[in-house]
Amino acid sequence: MISVGLVISLCLLSGHSTASRPHILFIVADDLGWNDVSWHNPQMITPNLEKLAKNGVILNSSYVQPVCSPSRNCFMSGYYPFHTGLQHAVIHNWQANYLPGNLTTLPQKMKDLGYSTHMIGKWHLGFCDWKYTPTFRGFDSFLGFYSGAEDYYTHMQGILGYGHTHTTDRTRQPETATPLHHIDRLDTTREFTLITEHIYPINFIYILQHAIPRINS
Ligand SMILES: *[C@@H]1O[C@H](CO)[C@@H](O)[C@H](O)[C@H]1NC(C)=O
Ligand SMILES: *[C@@H]1O[C@H](CO)[C@@H](O)[C@H](O)[C@H]1NC(C)=O
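Note that the working numbering gives residue 647 to position 23 of the sequence shown, counting from 1, and the numbers run on in steps of one.
Below you can see the structure in the form of structure tokens.
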């Protein structure tokens, strides 16, 4: 559950009337270390990531919180975690803890700018009440899991068995899907469908990858 942040953002120009605003695909690679990428360590074979990096900006001195919930808190709210009560550690499944409800989130701001907002992957900012889950915090849709991790085989976490949830903007209510696939196998199809089929004119898509071994596939 420790997360080291390497964050890659990718802008794809939209061919629509909103062309002045790009699609934004924001990928967080959970647990990816500094030396786990080929441009820092030649022993690593990550050609696709390197292509993105070389065509973009490589940030060499950026800093993140050391674990999941505090770092997601910063990205989503813009506040240091000691201002939001999330500075201690991760949110555990049995804790009634969450990103405070009065904070405006990044996807809410993106919606104000006309973006549709989609999240794929790990939330880890609380789920003790639906109002703290992604589709109530600014995302039009969410495909992923609320807790900190999922098992590669069962696609669930712990004895309490928290698994996938797929929520769409049509219902705005979380629904439990049968976790047939590991989340990192589901995401690619979905993210590219959203963009290539122009389901929405401009998208802000936040993807939190969990299985680092698959990051370059
Ligand atoms: C980060 O370091 C790499 C390798 O030295 C360099 O190519 C790149 O320009 C640096 N990034 C920035 C933003 O200065
Ligand atoms: C959110 O609520 C807390 C607790 O009442 C308060 O301390 C904080 O200032 C509020 N933050 C914002 C951004 O409204």
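By construction, the Cβ of each residue, glycine as well, lies at the ideal position given by its N, Cα and C atoms.
By DSSP's assignment, T741 forms a beta bridge with F828. Between I682 and L676, the alpha-carbon positions lie close to 10 angstroms from each other. Not a single heavy atom of ligand 1 lies less than 7 angstroms from the C-beta of L673. Distances from the alpha-carbon of L767 to those of G750, F751, E774, K746 put K746 closest. Contact annotation: K755 and G709 have beta-carbon atoms that are not nearer than 8 angstroms. Each of Q689, S662, P731 was checked against the Cα of S701, and the nearest Cα belongs to P731. Between the region 683-693 and the region 705-723 there are three or more inter-stretch CB-CB distances shorter than 8 angstroms, so the stretches are counted as touching.
Per DSSP, S695 is one residue of the alpha helix (DSSP H) stretching across 692-701.
Less than 8 angstroms divides the Cβ of L749 from the Cβ of N697. For W663, the closest of H647, I651, D654, G680 by C-alpha to C-alpha distance is G680. Remark: C-beta atoms of I829 and H742 approach each other more closely than 8 angstroms. Near ligand 1, meaning a beta-carbon closer than 5 angstroms to one of its heavy atoms, we find I682, N684. With a threshold of 7 angstroms, the Cβ atom of N721 does not count as near ligand 2, since no heavy atom of the ligand is closer than that.
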